[in-house]
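Participant: Residue 154 is where the sequence shown starts when you use my numbering, and the numbers rise one by one after that.
Below is a structure I'd like to ask you about.
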Amino acid sequence: MECKVAIVKIHHYLDGELPREEITPLQVHMNACPACRTRFEQLEKTDAAAFVALETVKLTANFDAAASQQLKERIMSQLPKQKKKERSSFVRFLYRYPGITAAAVFLLVMMGSFFASWEEDSKMIVSGEDLQHVVIDGNTVIVPAGVQITGNLTVENGKVEVQGSVDGDVTVIDGSMVLASTGHIAGQSRTIDQALDWFWYKVTSTFGVVVSK
154 MECKVAIVKI HHYLDGELPR EEITPLQVHM NACPACRTRF EQLEKTDAAA
204 FVALETVKLT ANFDAAASQQ LKERIMSQLP KQKKKERSSF VRFLYRYPGI
254 TAAAVFLLVM MGSFFASWEE DSKMIVSGED LQHVVIDGNT VIVPAGVQIT
304 GNLTVENGKV EVQGSVDGDV TVIDGSMVLA STGHIAGQSR TIDQALDWFW
354 YKVTSTFGVV VSK
């Protein structure tokens, strides 16, 4: 049996559509062909991972009891009642296009996590590459006059007063920024006070760190 024929039969087998008399030849081929056997195992794992991912999205989004019950009933209605019955087109799509499924699940999980953090997190967070010259007074971060800091400065849930010079970007999330007459920002200065803007900033920052590594 050629591998391209075996791949087609593997999909039919997972759909419960492969005739019984063709199952044994397929198993014999997979026992002798590591590539086809690996492909079969990956498709099985993708199918299982799709259902786990859906449950993760449900928990992260923190649906109320009624919505959770409705989602559970919808998922259960799509499960095959017997092992060899044809699966729903939705489930078939999930394991035939694992890349699209993984990207969609990742986006939903990230959005749920970020929006939850946006609503709940009120602690001031200061991050940057040159913080030894920065003064923190309560919820206010001050770049003193006559002081130059190198690199970017990011403040969450606080106020920034730039009296000196910042050789980089200044980003304020859920806060405010004051640029004194003596202050100077070499890069960009931006204030993020909307959940969608904050989400996009987090995503671009995360992928920027990954790419730089």
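Cβ atoms here follow ideal geometry from the backbone N, Cα and C, with glycine treated the same way.
Using alpha carbons as the reference points, say which of G169, V181, S280 and L171 lies closest to E155.
Facilitator: Here the closest residue by C-alpha is V181.
Participant: Is it the case that the Cβ atoms of G317 and V300 are separated by a distance below 7 Å?
Facilitator: Cβ atoms of G317 and V300: closer than 7 Å.
Participant: Could you check the C-alpha separation between M229 and M183 for me, to the nearest Å?
Facilitator: Near 31 Å, if we compare the C-alpha coordinates of M183 and M229.
Participant: Would you kindly report the start and end of the unbroken alpha helix (DSSP H) that includes E174?
Facilitator: R173 to A185 is the extent of the alpha helix (DSSP H) around E174.
Participant: In three-state DSSP terms, what is K237?
Facilitator: With a pLDDT of 49 at K237, under the threshold of 50, the predicted position of this residue should be treated as unreliable, though the coordinate-derived value follows. Coil.
Participant: Below 7 Å between beta carbons: does that hold for P251 and T307?
Facilitator: No. Outside cutoff.
Participant: Excluding the 5 residues preceding and the 5 following T335 in the sequence, name in chain order all residues of the same chain whose CB lies nearer than 6 Å to its CB.
Facilitator: Excluding positions up to five away in sequence, the list reads A298 and Q316.
Participant: If you run the structure through DSSP and keep just helix, strand and coil, what is T335?
Facilitator: The answer is coil: DSSP assigns T335 none of H, G, I, E or B.
Participant: Starting from V158, trace the alpha helix (DSSP H) both ways and give me its first and last residue.
Facilitator: First-last of the alpha helix (DSSP H) with V158: C156 to L167.
Participant: Could you spell out the range, first to last residue, of the beta strand (DSSP E) harbouring V313?
Facilitator: Unbroken beta strand (DSSP E) run through V313: K312 to V315.
Participant: The beta strand (DSSP E) that contains L125, what's its start and end?
Facilitator: Residue 125 is absent from the structure shown; the chain starts at 154 and stops at 366.
Participant: Quick one: Cα of E170 to Cα of G281, how far?
Facilitator: Approximately 58 Å, taken between the alpha carbons.
Participant: Let's see if you can read the secondary structure: which residues bound the beta strand (DSSP E) around D322?
Facilitator: That residue, D322, is in no beta strand (DSSP E); it is neither H nor E in DSSP.
Participant: What span of residues does the beta strand (DSSP E) with Q341 cover, start to end?
Facilitator: Here Q341 belongs to no beta strand (DSSP E), and DSSP marks it neither H nor E.
Participant: Report all residues from its chain with a CB closer than 7 Å to the CB of H165; omit the five preceding and five following residues, and keep chain order.
Facilitator: Answer for H165: L171, listed in chain order.
Participant: Mapping DSSP to helix, strand and coil, what is M277?
Facilitator: Three-state result, M277: coil.
Participant: So which of D327, A159 and T191 has the shortest CA-CA distance to M277?
Facilitator: Answer by Cα proximity: D327.
Participant: Quick one: grab the DSSP three-state call for V258.
Facilitator: Looking at V258 - three-state DSSP - the assignment turns out to be helix.
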